[in-house]
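J.: Residue numbers (the numbering used here), protein chains in the order written: chain G, 1 to 246; chain Z, 1001 to 1246. Backbone N, C-alpha and C fix where the C-beta goes; we use that ideal spot for every residue, glycine too. Could you have a look at this structure, given as C-alpha cells, before my questions?
2 protein chains.
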Amino acid sequence: MDGRVRQIDLTTMQERVYQELRNALYQGRFMPGEVLTIRSLAAALGTSPMPVREAIQRLVTENALTQLPNRTTRVVSLTDENHDEWIRIRTEVEGYATARAAQRATPELCAELRRINDGFRKAVERDDASGMLEGNQHFHFTIYRAAESEELLKIIESLWLRFGPILAFIRELKGSGEMFGRAAEVHERIVAAMERRNAAAARHGMALDIRAAASWFRRHHLNAQRAEPVAPRPRGIEELPRRSRG
Amino acid sequence: MDGRVRQIDLTTMQERVYQELRNALYQGRFMPGEVLTIRSLAAALGTSPMPVREAIQRLVTENALTQLPNRTTRVVSLTDENHDEWIRIRTEVEGYATARAAQRATPELCAELRRINDGFRKAVERDDASGMLEGNQHFHFTIYRAAESEELLKIIESLWLRFGPILAFIRELKGSGEMFGRAAEVHERIVAAMERRNAAAARHGMALDIRAAASWFRRHHLNAQRAEPVAPRPRGIEELPRRSRG
DNA sequence: ATCTTCCATATGTGATCACAGATGAAATTC
DNA sequence: GAATTTCATCTGTGATCACATATGGAAGAT
C-alpha cells in the first residue's frame, strides 16, 4: 500500500479555518476595522458556523480580532489601541530575538540574509508594494527563526498578526518605497553587526528599523485616515454590554 | 428604579468558564500534566459542554493547556517543553517591564512594594507556603502594573499562566522557605534600585530573581519527579494524529 | 422636516444530537 | 499463561436547533 495512495490532511476543520483566517490577516487581506460575521465566513469557507466561531475566539484571545461590547467581532483597528505601546513591545521582544540570532550567527545565515535583502531592495527599485512587504517580512523572520526559540517565535508571530491588517493599508499608500529604501540600508547594518557577532549592535539596528517604519507609518496613516475613513463605527452603542443567557 | 435592584453579571457563559479555569490554573489548583475533559468540566461547572470547549480552546492558544495528537487536552506538563527557554523569555519581558516601572517609580510605589515584601518575608518566617506564593506574585505584579502598559501586562500574565501549575508543585515541596528567603532579599534590592530610578539595576535584579527561583525549582523538581511521578502518560500513541471529519 | 416607534431580518450564544475515533477491560486464541 | 482481539463506553468534533438581542429601514408622531 505504499506508493499508491498519499497522506491526506488530518487536521480538524477548526484548525484549518483558523490557519486560513490567520493567513488572511497576516497578508493583509482584511482591512483594519472590518466586521466579521460567523455565518458569512462559514458560507465563504464552505463549512458550518461551528468551526468558525471557535477559530474566531482563538484569534480574539490572540488580539488579532476584537470583540465589541455588542459582541460584534472586528479586525483590530488602527487607532483603538495604543499603537506606540505595541511598537515599544516589539522593539523589546524582536530586539531580544535579534540579539540571540547574532550570538548564533553563521556565515551561511548572513549570506542568506544578504540575498533576501537584495531581493527586497530590488522590489523597492521596481516599486513593487507586495514584493517589498514580503521581502521585509522574509528578512525579519529569517532572523527571528535564527534565534532558535520556538516559543519566542510564537510570541513574535502573534505580535505581527496584529500588524497584518496594517499591511493592507501600506499596500495602497504612495511613497512607501522611500521608507523601505532606508529600511534596506538598516537591514544591511544589522547583517554587518551579525557578521561581527555583535549582539548589542544587531539589537540596536533592529530597534531602529522597527521604530523608523512605525513613525513613517504614523505620519502617512494619519494623512490617509483624513482622506478616506475606512470602517464606519457601528451606531452609537459602544458601552452597553448584553444579556447573559441560560 | 435606582437602589432597588443591583447590576447583574452580563458576561457570557464562555467568558465565565474561561475566567474560572484561568484562575484555577493561576492558583495551581490543577496539577501539571493533568487531563481535562470537556464533559466532566462542564458537569463540575454546572453548564453544558459548549462554553467549556471554547474556553479550553482559548487556553490552548495561550499555551496554558496543550492538545495531544489524539486531541486530549492536558495541563501543560513540566518537562514536555523547554523550561529554560521560557525562563529566558521571562527574564527578558519581565525585565523590560521592571525597567519601565523603575522609570515611573514614585515614593508611594516603593513604600507599597516594601510593605508587600515585608508581608512576603513574614510568610516565609512562619513557613506559610500559600502566603509565600501569594506574596511573591503580589510583589511581582505590583511592579508589572507600575510599568503602565496594558498590553505588556497581558503578555506577562500569559507567561505566568503557564507557570501556574508549577505552583501546585512548589506548595508541596519542603525547603521552599530558604529559596523565598533569598528572594525577599533580592526584592529588597530591586526596590532600592527603583528608588534611585536606576532602571538597569532594577532590571538586573528582577532577572536575578527569576533565574534564581527557576534554578532552585529545577533542582527540587527533579528530586520530586523521581519520588512520585505525577501524571501517567497515555498509552503509546504520542505521534498518531486522527481522522478529519465532515 | 425631524425624531420616535415598530418590525423583519441578521447575528452571536448555548443546548442537543450524531458520529468517528480512543480507551481499557473482558473474552478469545495460540 | 501471554498475546491478541473484541466490545461497551468515553471523548472530541461538527451540524443543527432555539432564542435573546442587535440592526436598520419603514411607518408613524410631533
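Checking contacts by CB at 9 Å: is G/T61 closer than that to chain Z?
T.: It does: the Cβ of G/T61 has a partner Cβ on chain Z nearer than 9 Å.
J.: How many angstroms separate the CA atom of Z/L1109 from the CA atom of Z/A1146?
T.: Going from the Cα of Z/L1109 to the Cα of Z/A1146 covers about 8 Å.
J.: For the stretch 19-48 of chain G, which residues have a CB atom closer than 8 Å to at least one CB atom of chain Z, in sequence order?
T.: Of all residues in the stretch 19-48 of chain G, none has a Cβ within less than 8 Å of some Cβ in chain Z.
J.: Evaluate Z/I979 with the Cβ neighbour count: other Cβ atoms within 10 Å of its Cβ, from every protein chain shown; 16 or more gives buried, anything less gives exposed.
T.: Chain Z is shown only over 1001 to 1246; residue 979 of chain Z falls outside these bounds and no answer can be derived.
J.: Quick one: what does DSSP say G/P234 is sitting in, helix, strand or coil?
T.: In this prediction, G/P234 has a pLDDT of 39, which is less than 50 and means its spatial position is unreliable; nothing more can be read from the coordinates.
J.: Under the rule that 16 or more other beta-carbon atoms within 10 Å means buried, what is G/G175, buried or exposed?
T.: G/G175 should be labelled exposed.
J.: Closest by CA to G/S130, which one among G/M31, G/G177, G/M206, G/S149?
T.: When each option's Cα is compared against that of G/S130, the closest is G/G177.
J.: Is it the case that the Cβ atoms of Z/L1045 and Z/I1056 are separated by a distance below 9 Å?
T.: Contact flag unset, no.
J.: Give a yes or no on whether 9 Å exceeds the smallest Cβ distance from Z/E1151 to chain G.
T.: Chain G contact via Cβ: present.
J.: Name, please, each residue of chain Z whose Cβ falls closer than 8 Å to the Cβ of G/A145.
T.: The sequence given here places Arg at residue 145 of chain G; Ala does not occur at that position. Within chain Z, no residue comes near G/R145; the closest Cβ sits about 14 Å away, beyond 8 Å.
J.: State yes or no: is the C-beta of Z/I1190 within less than 9 Å of the C-beta of Z/L1133?
T.: Not in contact: Z/I1190 and Z/L1133 (Cβ atoms no closer than 9 Å).
J.: Please return the same chain residues whose Cβ sits closer than 8 Å to the Cβ of Z/R1053, not counting the five positions on each side in sequence.
T.: Counting only Cβ-Cβ distances below 8 Å, and skipping sequence neighbours, we find I1038.
J.: In the DSSP assignment, what are the bridge partners of Z/L1065?
T.: Paired residues: Z/V1075.
J.: What residues in the stretch 73-96 of chain G have a beta carbon less than 8 Å from any beta carbon of chain Z?
T.: Listed by position, the residues of the stretch 73-96 of chain G near chain Z (Cβ gap below 8 Å) are E81, N82, E85, W86, R88, I89, E92, V93, Y96.
J.: Who does Z/L1036 pair with in a DSSP beta bridge?
T.: In DSSP, Z/L1036 forms a bridge with Z/T1073.
J.: Assuming contact is defined by CB atoms lying nearer than 9 Å, are G/F120 and G/A24 in contact in what I supplied?
T.: The answer is no: Cβ separation not under 9 Å.
J.: Over the uninterrupted alpha helix (DSSP H) stretch that includes Z/S1149, give me the two end residues.
T.: No alpha helix (DSSP H) contains Z/S1149, which DSSP labels as neither H nor E.
J.: Below 8 Å on the Cβ atoms is my guess for Z/G1205 versus Z/A1193; work out the distance and round it to an integer in Å.
T.: With 8 Å as the limit, Z/G1205 and Z/A1193 qualify as a contact, their Cβ atoms being about 6 Å apart.
J.: By Cβ distance, which residues of its chain are closer than 8 Å to Z/L1253, with the 5 residues on each side in sequence left out?
T.: With chain Z covering only 1001 through 1246, there is no way to say anything about residue 1253 of chain Z.
J.: Less than 9 Å between CB atoms is the rule here; does Z/R1053 satisfy it with respect to chain G?
T.: True, the Cβ-Cβ gap to chain G drops below 9 Å.
J.: Would you say G/Q103 reaches chain Z, if we count a Cβ-Cβ gap shorter than 9 Å as a contact?
T.: No - not a single Cβ of chain Z is within 9 Å of the one on G/Q103.
J.: Drop a sphere of 10 angstroms on the beta-carbon of G/T98, count the other beta-carbons inside from all chains shown, and report buried for 16 or more, exposed for fewer.
T.: Classification for G/T98: buried.
J.: Between G/E148 and G/R71, is the Cβ-Cβ spacing less than 9 Å?
T.: Taking 9 Å as the Cβ cut-off, G/E148 and G/R71 do not qualify as a contacting pair.
J.: So for G/G248, helix, strand or coil by DSSP?
T.: The shown model of chain G, from 1 to 246, leaves out residue 248 of chain G, and the question about it has no answer.
J.: Can you give me the C-alpha to C-alpha distance between Z/E1150 and Z/Y1144, rounded to a whole angstrom?
T.: So the alpha carbons of these two residues sit roughly 10 Å apart.
J.: For G/P49, collect the residues of the same chain with a Cβ closer than 7 Å to its Cβ; drop the 5 residues on either side in sequence, then sort them by chain order.
T.: Within the same chain, G/P49 has close Cβ partners I38, R39, A42.
J.: Output, in chain order, the set of chain G residues within a Cβ distance shorter than 7 Å of Z/R1058.
T.: Q57, R58, T61, listed in chain order.
J.: Just reading off the alpha helix (DSSP H) that G/Q14 is part of, what are its end residues?
T.: First-last of the alpha helix (DSSP H) with G/Q14: 13-26.
J.: Taking the alpha-carbon of G/H187 as reference, which of G/A123, G/D127, G/D118 has the nearest alpha-carbon?
T.: The shortest Cα separation from G/H187 among G/A123, G/D127, G/D118 belongs to G/D118.
J.: Could you name the residues of the same chain whose beta carbon sits closer than 7 Å to that of Z/I1156, not counting the 5 residues immediately before and after it, in chain order?
T.: Same-chain partners within the cutoff: V1093, E1094, A1097, Y1144.
J.: Specify the secondary structure class of Z/I1008 as computed by DSSP and reduced to three states.
T.: Coil, per DSSP.
J.: So is Z/D1209 buried or exposed if we call it buried at 16+ other beta carbons inside 10 Å?
T.: By the neighbour-count rule (16 or more Cβ atoms within 10 Å), Z/D1209 is buried.
J.: Taking C-alpha atoms, which residue in Z/A1105, Z/L1161, Z/R1126, Z/T1061 lies nearest to G/K154?
T.: Minimum Cα distance to G/K154 is reached at Z/T1061.
J.: Closest Cβ-Cβ distance between Z/I1166 and chain G: below 9 Å?
T.: False, the Cβ-Cβ gap to chain G never drops below 9 Å.
J.: Within 10 angstroms of the Cβ of Z/R1162, are there 16 or more other Cβ atoms? Answer buried if so, exposed if not.
T.: Its Cβ being crowded by 16 or more others within 10 Å, Z/R1162 is buried.
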